[in-house]
Structures are given as structure tokens and as C-alpha cells.
Amino acid sequence: MSTEIDVVVIGTGPAGMAAASAAAGAGASVAVLDEQSEPGGQIYRAVESVERRRPADLSFLGEAYAHGAKVAGAFRAVRTDYRPGATVWHIGARSKGGRRDVVLSRSGVAETLSARHVVIATGALERPVPIPGWTLPGVMTVGAVQSALKSSGIYPSGRLVLAGSGPLMLQLAAQLIAAHVAIAAIVDTTPPGGLARAFFHLPQALIGGETLLKGLKLRRTVLRSGVPIHAGASHLAAHGEGRLSSLSFTSAGVDYHLDADVVALHEGVIPNTQLSRLVNAEHRWDDVQRCFHPVTDQWGETSEPGIYVAGDGGGIAGALAAERSGRITGLAIARRLGLLADSARDLVAEEQRLRRFVDGAIRGFLDRYYPAPDWIGQVADDVVLCRCEEVTAGRLREAMAHGCSGPNQAKAFLRCGMGPCQGRMCANSVTEVMAAQSGSVPDEVGSFRIRPPAKPVTLAEVASLDVG
Amino acid sequence: MFQRLSDPMRKTVSFRFEGREIEAREGDSVAAALLAAGVDSLKDAPVSGAARGPYCMMGVCFECLVEIDGAGHQQACLAPVRAGMDVRRQPAARDVGAAVEGDGR
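Chain order of the listed sequences is A and B. Numbering-wise (this note's numbering), the first sequence opens with residue 1 and increments by one. Numbering-wise (this note's numbering), the second sequence opens with residue 469 and increments by one.
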């Protein structure tokens, strides 16, 4: 038996919360599934708890984060079947009646929901950064350090090195500085000449002027903090025996070797396409952001009818733009369910599109100022790409020399992408390396086919499904 | 390698990791509580046996897999702490031959 429902929203970041609020607000029955224990996604992670139990921490987490409490408040104000701590591991094919099964597990018990419309709002993940030594304990991501700070109020207490490029790294640095947490060094991998690269995108960035000003403010905070910054860094490598002890890199022609207890890597974020791949939606490579994203129409619907992607999962545009996208998708679904007239939908959707344009106007500038790394395809042979099965770039190249023709064959040759993370940590790098090696383009190389279960489940969970 | 900001409003919860008593705060994930207790090596990689620890803290990297109350393959970054839970490091892939011999067959 499965429960019939109008809409299933997966994820409670800004896009998921806004989509659920819009659809449920129009009268749709909406189930909202999320892995975390409270709404917010990664960007607004634990924002309700922080507001309630650690309000003082909002002073350094900042206004942009505190905005999440408003979005969560609006989401809590509508009636939905909200299920935190739920993992979605399958989305089925469309039935003749236009429904799809969404299979989830919660506390070890599986359940099926039968939905007319499914909104994938699973957002982004940080681009995995395959450098030598990145598997050592102590090497984490900027987002990981930030998540720990938001959700548990913990911070790295030893020698912390932030290493990478992008607005998230800048934001974390500013938050840590405001919280009086010591940063040993910032190793900035942004190539020099950012302003020249991004110059032609400056006028559009000015449309979202406030965002640009906030970014400049963060930058000023970091520059004035006295934290040593190594600009234009490259050739990063983490070192240690069983645990991280240092980070080496080159900056301005000088080789550095810094002692480190925690290294937080960051090279931008990429869409989490696991579920959109699972349903076989069409994906395309973005040459600027260097990642795949699902192809969607103006309402967020993918090439698979009834499957929508809202927010950064459809292409990186940021939290505020994600919220607009979620609302647009929620309205479109309400219209399709006959709960809204075209005119009512369009009135709000037009306004939301305009706001999304303003909120996302800085993206073109950011994408060029902080360009996606162009070295992953050429990464050294001894670097691990697939962390789960410990497959190096060299072994992937060797398999190609023996006739391995694409990512899906690499699974059979090497078990690459077949460990518990199911390719989340290596898919992007595998595409980059295979494209570089074969002289092909990522759209030709493609990516791993994702099969159910999309997250590891136990046989007991599968057996707990009531299929009668 | 991690410390807590002052956090007077959250209750403490204790659990065990490899037999050692760990003090956490209500609402912590197992991974966060262990990081705050100075533990960042949570599993051994299945091929080389090298130590691994939390990388993403958001449920995608699966490097924080631990055994909780006898159930393996739990993502420590997604599992909330509960008083009295018994958490263990996740060992590398089992040696099937040794297991069979151990069974006396």
C-alpha cells in the first residue's frame, strides 16, 4: 500500500521550503522529505535551533543566514506532511494514472508515497577537490566546517587552514573571524586577474548591488583581520601519517609547507544530480561552472514529466534565487493540479522571476571572478578520485588505455563510483579526467548512471515495504 | 581538534565510542560530537585500510561511517546522538577467507 499525495518535495533548503509553501498554500497535499532533523538545508542549517537555543551565535553567522528563519517560518505556517530524518532512495517510473512512487526510509522503516508531482530540491554539494592527501582525516571542506559551526556550535581549535576559492570560503572566513576563531592561513587558489576576467559581468552584478556590497564587506573583514593570505596558490597537497599534519602549495613562485590540524578545502559548489540522474532526466554540462545540471523548463520541470528540480540542484544560482525557483515550481504545480488559475500563477511567477534575476544577477560575475578549477582533468596519476573504492586517476587512465570507454564502464573495470557514496564524490572528477584523456567533451563522456537504491539501505528496510 | 563555543542552553548527553565515554550536547550529530571530543578517524578504507574521517558533514561523502548499537554503515554526520548509544569505528572490508576459517569450516 502506498499513500496517495499530490506533491512530494525532497529537501528543505530554500527551494524545497518555498516550493512546499507555495503548493500547500494553494491547497495541494504536500509531503516534504528531508535527511536532516530540521528544515534549512545546508545554507540555513539548524537555523531554528540556533535562533531558539544559541541566539548569540546569529551575531557572527550573519544576516544572510538569519534570513533562513523567515523562510522556515513561512514553511512551518502552511500545512504539509513534513518528515525530517527521511532518506529517499527510489523514485519510480510514471504510472498510467500519472503517478510515481517515491520510496523513503525513516528510522530504518521504508515506505512508499504515490505522488502526482515530485520536486527534487536537493541543492548542491561542494565540488570534490582531488588533491594528494585529501583522504586524510583532518582534511574536510569549507562547507563541513561551516555545517559543524551552524548545527553544533563547534569550531576547529588547532591550526586551521582554509584552502581554495569562492564566496563560501570568504563567508566562512568572515564568520570565524567574527566568532574570534583563529585561522592560521588562507590559501587562496583564485587565479590572479579576477576583476579583468569578470569585468564584462560587472554591470549585471550591479543590478543585484546589495549582494556585491555584502561580498565586498566580507572581503574587507577578511583582509583587515591580519590572517595571512597566500594568493594565487596552486599545487596543493595534504600530508600526514594516518592523519593530516601539513599542507604544501606554491604561491607567487614560492613553495610553502604549513603545519595544519584541519584543512578546509573549497572549489565552489555543484548541483547534486543524484536523484535527477536516478529518474533518467536529461543533463547538460555547464562549461563555466564545470558541472552537469538537469535540463529544465521555465517551471523547473525536467525532461521526465512530473519531475521538477528547484534551486541549486538545477544549476548554481545561490540561496535567494533558489527560494524564488522553489516558489515558481510550487505555483506551476498548483496550477497543474487545478488549484490556481493561469492568471494567478503568472502574476506571482513573473514577480518571482524578476526577483530571481536580481538575486542571481551577481552569478555571472562570481563564476568568472572565482573560476571553476581547470586542473582536475590533468590531476596527477597517484591522486585518489574515488574515495570509497580508492581508485586513482592513473588507474582510470590505464583502464581507458585498455578500452574502458566511459564512466559506466569504469564501474565494471575498477569499481569506481560503486562504493557507499555511489559516485557523489568522484562523478565530476571522473568526467573531467575521461574528457581530458580522450580529448572529448564532458557531454560526450557523460556521467554515472544512478540506480536504486539511491542511498544504501538494509535488506530489512526493503523487506519492511508494504507492497500488498 | 574542534572545540565548542559557549553553549549554556543545551543539555549534555553521553554515549560511548570504542568504549570511551563521550560527552555531547543534545542535537549534536555523532560526527560533530566526536570531532568536539578530538576524534576524527571514524573508519578504515575498504581497500588500503587507511584511516578516514568526516569530509563533507552533510551526508554525501560516506567517510564518517560508523557502527551504532551493532548496526554498521551508519552515517555519523546524519545520526543524532542518543544517551547511552554504543558507537564503534567501522573496520575495513572483512576478509572473507578468515571469516570462513573462523567459523571452523
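Cβ coordinates follow ideal geometry from the N, Cα and C atoms, glycine included.
Could you pull the start and end residues of the alpha helix (DSSP H) that residue i belongs to?
i                      : result
residue 482 of chain B : That residue, residue 482 of chain B, is in no alpha helix (DSSP H); its beta strand (DSSP E) goes 480-485.
residue 248 of chain A : Taken as a continuous stretch (DSSP letters only), residue 248 of chain A belongs to no alpha helix (DSSP H), being part of the beta strand (DSSP E) at 246-251.
residue 59 of chain A  : 58-61
residue 413 of chain A : 407-414
residue 209 of chain A : 209-224
residue 465 of chain A : Segment: none, residue 465 of chain A is in no alpha helix (DSSP H) and carries neither H nor E.
residue 498 of chain B : 498-504
residue 276 of chain A : 274-278
residue 21 of chain A  : 14-25
Answer with yes or no whether the minimum CB distance from residue i to chain B is below 9 Å.
i                      : result
residue 137 of chain A : yes
residue 379 of chain A : no
residue 169 of chain A : no
residue 62 of chain A  : no
residue 474 of chain A : Any question about residue 474 of chain A goes unanswered here, given that chain A covers just 1 to 468.
residue 175 of chain A : no
residue 126 of chain A : yes
residue 390 of chain A : yes
residue 419 of chain A : yes
residue 382 of chain A : no
residue 76 of chain A  : no
residue 10 of chain A  : no
residue 353 of chain A : no
residue 261 of chain A : yes
residue 158 of chain A : yes
residue 57 of chain A  : yes
residue 46 of chain A  : yes
residue 36 of chain A  : yes
Beta carbon of residue i, beta carbon of residue j: below 9 Å?
i                      : j                      : result
residue 297 of chain A : residue 160 of chain A : no
residue 387 of chain A : residue 425 of chain A : yes
residue 470 of chain A : residue 129 of chain A : Since the first residue of chain A shown is 1 and the last is 468, residue 470 of chain A is not available in this structure.
residue 511 of chain B : residue 546 of chain B : no
residue 115 of chain A : residue 5 of chain A   : yes
residue 237 of chain A : residue 249 of chain A : yes
residue 269 of chain A : residue 166 of chain A : yes
residue 319 of chain A : residue 14 of chain A  : yes
residue 138 of chain A : residue 469 of chain B : yes
residue 471 of chain B : residue 157 of chain A : yes
residue 36 of chain A  : residue 85 of chain A  : yes
residue 522 of chain B : residue 144 of chain A : yes
residue 218 of chain A : residue 173 of chain A : yes
residue 123 of chain A : residue 11 of chain A  : yes
residue 335 of chain A : residue 345 of chain A : yes
residue 376 of chain A : residue 429 of chain A : yes
residue 274 of chain A : residue 454 of chain A : yes
Got a sec: is the Cβ-Cβ distance from residue i to anything in chain A below 9 Å?
i                      : result
residue 559 of chain B : no
residue 528 of chain B : yes
residue 531 of chain B : yes
residue 552 of chain B : no
residue 485 of chain B : no
residue 537 of chain B : no
residue 544 of chain B : no
residue 493 of chain B : yes
residue 509 of chain B : yes
residue 516 of chain B : yes
residue 497 of chain B : yes
residue 556 of chain B : no
residue 488 of chain B : no
How would you write the range of the beta strand (DSSP E) that residue i sits in, first residue to last?
i                      : result
residue 283 of chain A : 283-286
residue 3 of chain A   : 3-10
residue 489 of chain B : 488-493
residue 535 of chain B : 533-536
residue 50 of chain A  : Careful: residue 50 of chain A lies outside any beta strand (DSSP E), inside the alpha helix (DSSP H) at 47-53.
residue 271 of chain A : 269-271
residue 540 of chain B : 539-543
residue 156 of chain A : 154-156
residue 478 of chain A : Since the first and last residues shown for chain A are 1 and 468, residue 478 of chain A lies out of range.
Next item on the list: Can you check the stretch 283-362 of chain A for any beta strand (DSSP E) of at least 3 residues that lies completely inside it and give the ranges in chain order?
Entry: Listed in chain order, the beta strand (DSSP E) runs fully inside the stretch 283-362 of chain A are 283-286, 291-294, 307-309, counting runs of at least 3 residues.
Check: Are the stretch 47-56 of chain A and the stretch 9-21 of chain A touching by the rule of at least three beta carbon pairs closer than 8 Å?
Finding: Contact fails: fewer than three Cβ-Cβ distances are below 8 Å.
Notebook entry, point to check: If we count Cβ pairs, one from each stretch, closer than 8 Å, do we get three or more for the stretch 76-88 of chain A versus the stretch 436-444 of chain A?
Noted result: no
Notebook entry, point to check: Which runs of the beta strand (DSSP E) spanning at least 3 residues fall entirely within the stretch 64-148 of chain A, listed in chain order?
Noted result: 81-83, 86-91, 100-106, 109-120, 124-126, 139-141
Checklist line | the stretch 379-394 of chain A touching the stretch 411-422 of chain A, judged by at least three CB pairs closer than 8 Å | finding: Cβ pair count under 8 Å is three or more, so yes.
Note to self: Counting beta carbon pairs with one atom in the stretch 145-163 of chain A and one in the stretch 388-407 of chain A, are three or more of them shorter than 8 Å?
What the structure shows: no
Margin query: For the stretch 48-68 of chain A against the stretch 355-368 of chain A, do three or more pairs of beta-carbon atoms, one drawn from each stretch, fall closer than 8 Å, so that the two count as touching?
Written below: no
Next item on the list: For the stretch 421-446 of chain A, list the alpha helix (DSSP H) runs that are entirely contained and at least 4 residues long, ordered along the chain.
Entry: 427-438, 442-445
Note to self: Does the structure place the stretch 457-468 of chain A close enough to the stretch 553-562 of chain B that three or more beta carbon pairs sit under 8 Å?
What the structure shows: The stretch 553-562 of chain B makes no contact with the stretch 457-468 of chain A, as fewer than three CB pairs between them are under 8 Å.
Note to self: Using a Cβ distance threshold of 8 Å, determine whether the stretch 551-558 of chain B contacts the stretch 476-493 of chain B, with at least three qualifying pairs required.
What the structure shows: yes
Check: Looking at C-beta atoms only, is the number of pairs between the stretch 56-69 of chain A and the stretch 99-114 of chain A that lie closer than 8 Å three or more?
Finding: no
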